[in-house]
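Numbering (UniProt numbering), first residue to last: 1 to 124. All residues carry an ideal CB built from backbone N, CA and C; glycine is no exception.
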């Protein structure tokens, strides 16, 4: 049975890890999604994969809308975790952003862009 949980250990919360991610991470963009990734390297050790989401207050002034988008982004990760690990590797720090002032019409639109982002990364 596939593990669809988004456990506490997988959540990117520490300020030190987030600062390291922004300092040394690589950016990828696909549609309205933008991701920053830091893979495990010999000089930078990442114990497990950790994932976080963010939606800018600049695009969505109301917290209700930001929280809705964050729930959609987390759900995309939760359901497509295996695809994400296959594309970006098991030991990575990653943060996903929504970079458009438009609210997506439905969950499938967000999921489609997330899958494209992962498939785009798989290509050499």
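Cα separation between residue 84 and residue 15? 23 angstroms
Three-state class that DSSP yields for residue 19 in the structure shown: helix
Residue 79, DSSP secondary structure in three states: helix
Residue range of the unbroken beta strand (DSSP E) whose run includes residue 94: 92-98
Can you tell me whether DSSP reads residue 58 as helix, strand or coil? coil
Best match in 18, 19 and 35 for proximity to residue 26 [C-alpha to C-alpha]: 35
Looking only at its chain, what residues have a beta carbon closer than 8 angstroms to the beta carbon of residue 120, apart from the 5 residues adjacent to it on each side? 28 and 30
According to DSSP, simplified to helix, strand and coil, what is residue 4? coil
Do you know how far the Cα of residue 72 is from the Cα of residue 105? 11 angstroms
Can we say the segment 58-68 touches the segment 109-116, given the rule of at least three CB pairs closer than 8 angstroms? no
Residue 53 and residue 93 look like a contact to me (Cβ under 8 angstroms); what is the Cβ gap, rounded to whole Å? Contact flag wrong, Cβ pair sits at about 13 angstroms.
Buried or exposed, going by whether 16 or more other CB atoms sit within 10 Å of the CB of residue 55? buried
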